[in-house]
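In UniProt numbering, the protein residues as written are 1 to 305.
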Amino acid sequence: MTDVLPAAPPTAEERRAAPKPAPRPGTAWWLRRGTATTITAIAAVYTLLPLVWLLFGVTKTLPELYGSNGFAPSAGFHVLDNVRDLFAQDGGLFGRWMLNTALYAVGGAAVATLLSVAAGYAFDKFDFRWREKWYALVIGGVLIPHTAIIVPLYLMMAEIRMTDTVWSVLLPVMVNPFGVYLARAYSSGAIPDELLEAARLDGAGELRTFFSVGLRLMAPGALTIFLFQFIAIWNNFFLPLVMITDNDLFTIGQGLFTWNSAVGQNPDYTRMVVVGSAVATIPLILLFIPLQRRWRAGLAEGGVR
Numbered sequence: 001m002t003d004v005l006p007a008a009p010p011t012a013e014e015r016r017a018a019p020k021p022a023p024r025p026g027t028a029w030w031l032r033r034g035t036a037t038t039i040t041a042i043a044a045v046y047t048l049l050p051l052v053w054l055l056f057g058v059t060k061t062l063p064e065l066y067g068s069n070g071f072a073p074s075a076g077f078h079v080l081d082n083v084r085d086l087f088a089q090d091g092g093l094f095g096r097w098m099l100n101t102a103l104y105a106v107g108g109a110a111v112a113t114l115l116s117v118a119a120g121y122a123f124d125k126f127d128f129r130w131r132e133k134w135y136a137l138v139i140g141g142v143l144i145p146h147t148a149i150i151v152p153l154y155l156m157m158a159e160i161r162m163t164d165t166v167w168s169v170l171l172p173v174m175v176n177p178f179g180v181y182l183a184r185a186y187s188s189g190a191i192p193d194e195l196l197e198a199a200r201l202d203g204a205g206e207l208r209t210f211f212s213v214g215l216r217l218m219a220p221g222a223l224t225i226f227l228f229q230f231i232a233i234w235n236n237f238f239l240p241l242v243m244i245t246d247n248d249l250f251t252i253g254q255g256l257f258t259w260n261s262a263v264g265q266n267p268d269y270t271r272m273v274v275v276g277s278a279v280a281t282i283p284l285i286l287l288f289i290p291l292q293r294r295w296r297a298g299l300a301e302g303g304v305r
């Protein structure tokens, strides 16, 4: 029978290399975690409360909006009646306002995205004189408040007789300096220089290389820019308010503001404003639900690179 020798004690090197048990969270850790969770919960409640009130308001009649609890639905649940009345009000103006807003948002965001991606690609991949100075000048536009340039834009549009037209809203929103920044950051990591050289060696020109290679590889970043610009245009209020006075060209925000200003003449406009505000959020929700994964991926990759 063979005797089993006792195991040798571990050496100093083995003791240092051995994994140490993870320390148990202390009071400070729980305090930091609890504080962060509490702040997040307060921010979430602050953000969601107006939306909850709006959803309950859609179910109510005009007397119930003034005389019932704002955070309780109506017993009659008048959603369908309210939506039908909304689109029938003033000859169906709200439907036209939605189409106008969709035109401004989709058209403006699409052109702004293409221009931003092309500019970011050029600043990243081409070496030209004063490149960084031109880039700094473009990015400087992010620092200028949007409201500060509305009056100069209006004076320019009035000079060329383009106020009260679709172009007075579309042209200013086709430029997005922040989109140029995101596009350059994304291009620097998403497009290998070797791939562009291979395309040029195959005889592709710069435009074909951009549309066939660069634009395809930058698709997640372009989607992020598109969503940012779409939301900004959809919620834009001050620019259409200054540029447009024709009811048929109003955006949703401008139209609801007009109704809210006329509540003294027609109290039922209060109900229309509440229902219209709720309906105006539906396109944003429908856009974000299917695209949020791609949007977050593009934003994260652009931020890291």
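A virtual CB, placed ideally from N, CA and C, is assigned to each residue, including glycine.
{"Query": "Chain-order list of residues whose beta-carbon lies under 7 angstroms from that of ASP33 (same chain, five-residue window excluded)", "Result": "According to the sequence as given, residue 33 is Arg; it is not Asp. Correct list: empty, nothing qualifies."}
{"Query": "Contact under 7 angstroms by Cβ, residue 308 with SER74", "Result": "There is no way to answer for residue 308, as the model of the chain reaches only from 1 to 305."}
{"Query": "Cβ-based neighbour list, residue 308, same chain, cut-off 6 angstroms, excluding 5 preceding and 5 following", "Result": "For residue 308 there is no data in the structure shown, the boundaries of the chain being 1 and 305."}
{"Query": "Distance between GLY67 and VAL275 (C-alpha atoms, nearest Å)", "Result": "17 angstroms"}
{"Query": "Cβ shell of LEU62 (< 8 angstroms), same chain only, five flanking positions each side left out", "Result": "PRO267, ASP268, THR270, ARG271"}
{"Query": "Test item: CB-CB of VAL169 and TYR121 under 7 angstroms", "Result": "no"}
{"Query": "Straight-line Cα distance separating LEU239 from ASP164", "Result": "11 angstroms"}
{"Query": "Reduced DSSP secondary structure (H/G/I, E/B, other) of PHE237", "Result": "coil"}
{"Query": "Own chain residues within Cβ distance below 6 angstroms of LEU291, not counting five before or after", "Result": "none"}
{"Query": "Interface flag, GLY189 vs chain D, CB-CB below 7 angstroms", "Result": "Considering every chain present, this structure includes no chain D. It has just one protein chain."}
{"Query": "Local conformation of TRP130 per DSSP, three classes", "Result": "coil"}
{"Query": "ARG96 - containing alpha helix (DSSP H), residue span", "Result": "93 to 125"}
{"Query": "Validate contact between the stretch 207 to 214 and the stretch 141 to 148 using beta carbons, cut 8 angstroms, 3 pairs", "Result": "no"}
{"Query": "Simplified DSSP assignment, three categories, for VAL265", "Result": "Correcting the residue identity first, residue 265 is Gln in this sequence and not Val. DSSP places GLN265 in coil when its eight states are reduced to three."}
{"Query": "Under 7 angstroms between C-beta atoms of THR113 and THR251", "Result": "no"}
{"Query": "Whole-angstrom distance between ALA36 and ILE244, CA atom to CA atom", "Result": "45 angstroms"}
{"Query": "VAL287 versus TRP30 - alpha carbon distance", "Result": "Contrary to the premise, residue 287 reads as Leu rather than Val in this sequence. Those two C-alpha atoms are separated by around 38 angstroms."}
{"Query": "Endpoints, alpha helix (DSSP H) assigned at LEU31", "Result": "27 to 57"}
{"Query": "Continuous alpha helix (DSSP H) stretch holding LEU153: start and end", "Result": "150 to 159"}
{"Query": "For VAL166, three-class secondary structure by DSSP", "Result": "coil"}
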